[in-house]
Each structure stands twice: as C-alpha cells, then as structure tokens.
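Below is one structure; the comments refer to it alone.
Number of protein chains: 2
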Amino acid sequence: MPSGSTDGTAPRLEKSAKNPTISNVASLAGVAKSTVSAVINNKTTIKESTRRNVLRAIDELNYRPSRSAQRGFRHVVQRSISLIIKEPENTYYAEVLSGVQDVAMDRGYLVFVSSSQGQSGLERRIVEQCMEREIDGLLIAPIRNDETDLSHIFELKRRNIHFVLLENMQGVPTSLVDVDNVKASADAVRYLIQEGHSRIVHFAGPHYSEHSRARAEGVRRAFSHSPLAYNDSMIVPCGDSHDAGYRVGLEYFGATLNPQERPTAVTCYNDLVALGLMRALRELNISVPDEISLIGFDDLHMLQLFPQQLTTVRVPKYEMGRQAAELLMRDIESKTKAAPEKVCLETELIIRDTTRRIL
Amino acid sequence: MPSGSTDGTAPRLEKSAKNPTISNVASLAGVAKSTVSAVINNKTTIKESTRRNVLRAIDELNYRPSRSAQRGFRHVVQRSISLIIKEPENTYYAEVLSGVQDVAMDRGYLVFVSSSQGQSGLERRIVEQCMEREIDGLLIAPIRNDETDLSHIFELKRRNIHFVLLENMQGVPTSLVDVDNVKASADAVRYLIQEGHSRIVHFAGPHYSEHSRARAEGVRRAFSHSPLAYNDSMIVPCGDSHDAGYRVGLEYFGATLNPQERPTAVTCYNDLVALGLMRALRELNISVPDEISLIGFDDLHMLQLFPQQLTTVRVPKYEMGRQAAELLMRDIESKTKAAPEKVCLETELIIRDTTRRIL
DNA sequence: AAAGCACATTGAACCGGTTCACAAGAAGCA
DNA sequence: TGCTTCTTGTGAACCGGTTCAATGTGCTTT
C-alpha cells in the first residue's frame, strides 16, 4: 500500500502556523519518515520520482529540519567555546581573541564571540543562551564585580559547565587568567614620581569593574609607599572609552587652565581613555608631554598608528587569550574535576613619547 | 519496590570513559530517570535523602545533562543569529555589530560573532558549525568572491537556512546589504582630479575580495570619465591591514623619493591602510597633505582620535548592521520564502585634513 | 511457473532528556 | 478499622529526527 497513513502516529497537517516536522512532510508526500530522511540526506537509493515528490512537499510546507534532533542525540563532541567580551570597539579583545582562536583551532575547537556591550544584563542573557546550547565552555570578561546578581555565574558552576574568567570576580572560586593590575598601576605611578612628578591624577574606569578598582588601588599604594600624600581627588571618575577620556579630559582640564595648579601627569584606566584625553589636551592647547605626562594601560596594537607614541603598561593580551583557552580546554577534556587555577601574567611599563622628566 | 532495575531499559554502568546519561545516574542511584530529572530541575517533590542520593550519583559519574535533549525537542524558538566577520582588529565590524545587536536585542535575538580571521577555510568551518546548531540565521561578511569553493554557501541555501551577505558574492542569488563601492571609490578619485591631481594611485585590498575589486574598478572608471589616461600601475596591490599599508607604503614611496615622479595623491582600500600609509610617509618625511593627499575608506569611528583628520568615504556601518539584521529577521519570521533582496546604502565623501588642492 | 535478485521503501527502535497521570505508602481523621 | 489526603516516586509516552533489518515489487533467469 504505497499511500495512506504512514507510521503508527498519524501527524495530520494542521493548517496552523506551527513549524512543520519530518512527519508532516512524510504524510503530505504519502511516504514514511525514513524516506523523507533519506531524501534530505541525499541517499542514493531514492527513486527520482519519489525524491521530487518529497522535495515538493518539503517546499510546500517550507520545512527545515530541526538541528537539535539531527544527530539522533548520539554523543557528538561539539568542540566549541564561547568568549564573552565587554566591548568590541576596544581592540584589546581582538588581541585576546587572537590568542584564544589560535589555541582553539589547534585543538579543533570553534570560538563564538559575544559582546556584552558593557551591560551586565546582556552578559547574563548571553551566559544563559550559552547554557541552552552545546557549548563546551566559556571564557568570560565579566563586566561587574560588585554585589550585584551573579546568579548566572553560580548557575554555571551548579551545572558543571566549565568557564575561565579574564578578570577577577570576588567570591567566585574559579579559574582565572589576569595580570596584577594593582602592581602594574602602582609601577606606572612610581615611575612618574621618580621622574619628579608630584601632582598626579588617575582617570579611572567604571567603578563596578575589578580592573578599574585594582588600577585605582595601585595609585593609592604607590603614594602610600612614597613621601607624597594621597587624597581621593586624585582619582577622577572617567570610564573605559575614548569618548569618556575625551569628555572628562575636556571638562577636567578646561576647568583649571592655570598650569601651576593642575596635575603634571595622568595615568589612565586604559589606552583608549588616554587617547581620548590626548585629543582633549590637543584641543585645549596643552602640550603632551611638555606640560602633562600621560600613561595608558594595555598597549594596544593600534598605538603604533599614532604619530605620538603613548607610554603605557603592556598587558600580554594575546598570551592571556592563549592561556585562558588552554586552561579551559584542559578542564573540558579532563574527565575529573580540576581545582580552580589562577594564572597571573607579567606586565611591563613601556616608556615612549608621552612622559617626561620634571625639573 | 523502591530499588532495583528502573525502566524497561537497564542501562548498565560501563566503566568505559563514555559520557554518562541520565539513565546511568538513575541506575546507580537506584531510582527512575524521572526522579533524576526532577532532582536536576529542582522540583520540590523530592525527599531530601533521595535528592542527596541522586546528587551523589551525579557527582560520582561526573554527569552533565545533554543540552541537545534538554527541552524534549519541544519547539523552542532559539532566536539567535550568527555574524561572521573577517577581522576583529578592524573596528569596522565593531560598528556593524553595534547595529546588528541593537536590532537583535529589540526582537529578542542573541548575536554570536565569529571571526574568520581572513581565512576562507575558517569561514567554511564556522558556517558548518553554525549549521550544526540551532542558529536561526547568519550574517556573513564573505572573504572571497572568486571561483573558489563556495559549497558551504550553497549548502546553506540547500538547507533553507536564512542568511544575508554584507558583501556581494557573484553567482549567489541571496539577500545582501552593501554600498556602491564602485561609485564611492570613483567619487573619491574624481574629487582628487577636480582638485588638480593627475598622478593618483590606489592602494588596493586583497584581490579575492569583492569590495577590493569594486574599489579598484571605481578608480578605473573615474579615469575613463576624465581626460587623464588610466594604466594598470595605478593600482598598487596592498592588503587590508594597517600593517600592509605601512609596509607597502614604505616600499613604494621609499623607492621613488623624487617628488616629480611620484604620485601626488593616494586613495586607499580602507582607513586602516590609509593610517598605515600615513605612518610610513611620516617616517619617510613626506608631508600629508602638502606633498601627498590621502583618502581612506570606511570612516572608522576611531579616526577622531588622530591629530590629523583623514579624508575618507563614509560607509554607514551601523546602518548596514541594522538593515542586514532586519532583513534577516524578516526572512526568519516569515513562514513563506521571500525573494532575495538587495539593499544599497549611500556613501559620502568626507573632506578633512589629508587632501589638498594642487597648483 | 518458480526462483533469484536488485531496487525502493518501510516501520520499529533508538537517542537522552521532560512531562504527567497515576500508584504506593504514610499520615490524619472519624 | 476503614477512609481520605498528602507526599514521594514511577513508568510510559513523547519530542523529531536517524538507522537498519526486513519487506515488497518488478524484472530476469532457469
């Protein structure tokens, strides 16, 4: 009996807008599910007329096979990880990604990159989405590190999903790859002090970010180890974008144009802020480094493009990506649960053209 | 009988390294699969002792639920799309992503970004990986547009998977969002000719890229509509990175230091190349724009950061991202197959500080 | 006409979870 | 003791595909 009801189940073709299944196609074409499956998978045993018949039914229903059922649940090693970055416009993450991707490719993994756009709500949604999928592990550059809701992170732990952080999160005992931000920032300030600067300020990043707090803490620490006095007005709230650096720079230095009062040196949360600030100072006709010395943080690859070479703290971004990916994959591939591992990489202060000795 | 074999199936616990399933856990704990499922999903109807017993078994086997079977195949709207970019270090894509993400968020979609790192083999692998997953559609900035193997693209069509290109691919009839690169490039050259330049060259991008070929073609076209003669040496093979612009610039202008012979203006494949070239010219002590006028392409947001403002062709990157995402989502959500749609956005030549009138 | 064979198609079992009606045992109550 | 109610756990059915042994059909061959 070549036509009629196919399987035991008789999935009638509802005219509603639900997504069609292989059974709908089979019943419309008057064949068995397995025949439809064979057509879809280009098996050679299908008669041309049957194939056309089935294809017509597929087309009529606009059928698309569900990928979640595709492999019959056979245990497929998916070999993919997801990297969650904060901000794609910061090429910092492009350099990290490069390291991640190199390791991943070597080991046959694919890397998905999602941007949380600096919004922690988005970070949560991305993490949740990753949990829904067959993703073997996550690398996360977390946005917040304060007392806000970290439940998505704990959910990852509860579900035994592997992840490695690219920035410390207090109270989350997990693997981590980072640099010693406090020390690196303190080194930069100490250098300025050595060079004779005494009026130094720090253009700080977002208050909720761990990197930002650590770098501000570094400034404090450098002063406390020096004869100079520290006070809180040395930390200027700014942000993490070049736009923030530009706007805050314009406002801050536009207000005190008297060279006797204003700082002689600024350390910045990151290179982008420093570049934005440089632009503001250029507009205000304040010379760098003659009137103000400037230090960035990260040593972005693109600094090379600028005519004036920024003094900055080099962060081994590519290497961080590599090591984080390696850590993650070791976790994924070891069948036993490994203890969280913290990797701390070295930074280096790169002296270039935006700092000058005073007196 | 509270303990013993559970279901009809008796999945014995192999000591091999295979991934454990919920049945293995159930049989080890001596309960039904459904009980294990209830524990995993934090149902309240489970006695504390049972819960602990099951959790112990889960822990012992190091069990992780398979996410592909998680939702019982109920028709879940995944609502996620994947954006495949060429090169993360080019902030061009960060701006496109921004537009994509804004539309996607509005509509409840999540965006995965993958970088093909300029390697077409990687692009293929990423596309294949996306096909394996529950991804509703793809936005692709294709690397190559020559006669190489495009089977992964055709496979997408065959499988009825929605995708929109961000750069034309010959012979692939599909939806597309782009600008008129030929016209935009010709406009730039025409402007230079109007300003009195006659020795103009174009630093071209990779030969296999459609954008690159279209922009070179624009140069040709501008000359053919002018009294000046075109010849092929006006197209200088370069690349798409600032590094390429720098190296080729050093070589090209290092070779002909005589100002009488060398070009007075250069149009570049993109802004990155132009910035790299500017750096090379700076090192060669050739003044921009006094000795050489320079035009970029893209109008990257980060151009603002530079002391010298680059004249360039503005490409509406954010808008391209928005429109491509909207096109894709319309495709995804319409049950019927829509005809491919080509969207062509407007460009604008932005005159800034790197071009000058001659004579 | 019977046997043999290739080809095309089928249907049941399966993948690894979730769901839910129902059952068994304990506790409460008359 | 008998009846109801509550708590806890069960097992079959199901999700949407794939797989493969078995079956049916038509064509040759003997």
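Protein chains in written order, with this note's numbering: chain A, 6 to 364; chain B, 6 to 364. All C-beta atoms in this analysis are idealised placements derived from N, C-alpha and C, irrespective of residue type, glycine included.
What are the residues that DSSP puts in a beta bridge with residue i?
i        : result
A/Pro25  : Per DSSP, none; premise fails for A/Pro25.
A/Ala209 : A/Pro242
A/Glu353 : A/Arg319
A/Cys135 : Answer by DSSP bridge pairing: none, since A/Cys135 is not bridged.
A/Val169 : A/Leu144, A/Ser180
A/Phe117 : A/Ser87
A/Lys347 : A/Leu181
Using the rule of at least 16 other Cβ atoms within 10 Å of the residue's Cβ for burial, across every protein chain shown, is residue i buried or exposed?
i        : result
B/His230 : exposed
A/Asn275 : buried
B/Glu351 : exposed
A/Ile205 : buried
B/Glu94  : buried
A/Phe303 : The sequence given here has Asp at residue 303 of chain A, not Phe. Counting Cβ neighbours within 10 Å, A/Asp303 comes out buried, since at least 16 surround it.
B/Ile145 : buried
A/Pro25  : buried
B/Asn47  : exposed
B/Ser85  : buried
B/Gln134 : buried
A/Ile90  : buried
B/Pro268 : buried
A/Thr50  : exposed
A/Cys243 : buried
B/Lys342 : exposed
B/Asp141 : buried
A/Thr359 : buried
A/Leu364 : exposed
B/Asp183 : buried
A/Ser292 : exposed
A/Leu262 : exposed
A/Arg362 : exposed
A/Thr272 : buried
B/Arg69  : exposed
A/Asp295 : exposed
Output the boundary residues of the alpha helix (DSSP H) element that contains residue i.
i        : result
A/Thr40  : 38-45
B/Ser365 : As shown, chain B starts at 6 and ends at 364. That puts residue 365 of chain B outside it, with no answer to give.
B/Ser190 : 186-199
B/Ala285 : 276-288
A/Thr272 : Premise fails: A/Thr272 lies in the beta strand (DSSP E), 270-273, not in any alpha helix (DSSP H).
B/Asp303 : Where B/Asp303 is concerned, there is no enclosing alpha helix (DSSP H), although the beta strand (DSSP E) it sits in stretches over 298-303.
B/Phe311 : Unbroken run through B/Phe311: none, as it is neither H nor E.
A/Asn58  : 53-66
B/Val253 : 247-260
B/Lys162 : 156-163
B/Val101 : 96-111
Practice prompt. Taking a Cβ distance cut-off of 8 Å, strictly less, list which residues of the region 144-172 of chain B are near chain A, in chain order.
Written response: Only those residues of the region 144-172 of chain B whose C-beta falls short of 8 Å from the nearest C-beta of chain A are listed: Arg164, Asn165, Ile166.
Worksheet item: Which residues, in order along the region 199-233 of chain A, keep a beta-carbon less than 7 Å from a beta-carbon of chain B?
Response: So nothing in the stretch comes that close.
Discussion item. At a CB distance below 8 Å, what residues from the region 119-137 of chain B approach chain A? Give them in sequence order.
Written reply: Listed in sequence order: Ser119, Ser120, Gln122, Leu127, Arg130, Ile131, Gln134, Met136, Glu137.
Item to complete: Check distances from the C-beta atoms of the region 84-105 of chain B to those of chain A and list, in chain order, the residues that come in under 7 Å.
Response: Going along the region 84-105 of chain B in chain order, one finds Ser85, Pro93, Glu94, Thr96, Ala99, Leu102 with a Cβ nearer than 7 Å to chain A.
Worksheet item: Taking any Cβ of chain B, which residues in the region 61-72 of chain A have a Cβ under 9 Å from it, in chain order?
Response: Result list: Ile63, Asp64, Asn67, Tyr68, Arg69, Pro70, Ser71, Arg72.
Discussion item. So if I threshold CB-CB distances at 9 Å, which residues from the region 261-281 of chain A count as touching chain B?
Written reply: Of all residues in the region 261-281 of chain A, only Leu277, Leu280, Gly281 place a beta-carbon less than 9 Å from a beta-carbon of chain B.
Worksheet item: Which of the residues in the region 306-323 of chain A, read from start to end, lie with their CB under 9 Å from any CB of chain B?
Response: Only His306, Met307, Gln309, Leu310, Phe311, Pro312, Gln313 from the region 306-323 of chain A bring a Cβ to less than 9 Å from some Cβ of chain B.
Item to complete: Residues of the region 283-295 of chain B with a CB closer than 7 Å to any CB of chain A: list them in chain order, please.
Response: So the list reads Arg284, Arg287, given in the order they occur along the chain.
Discussion item. For the region 44-56 of chain B, list every residue whose C-beta sits within 8 Å of some C-beta in chain A, in sequence order.
Written reply: Considering only beta carbons, no part of the region 44-56 of chain B lies closer than 8 Å to chain A.
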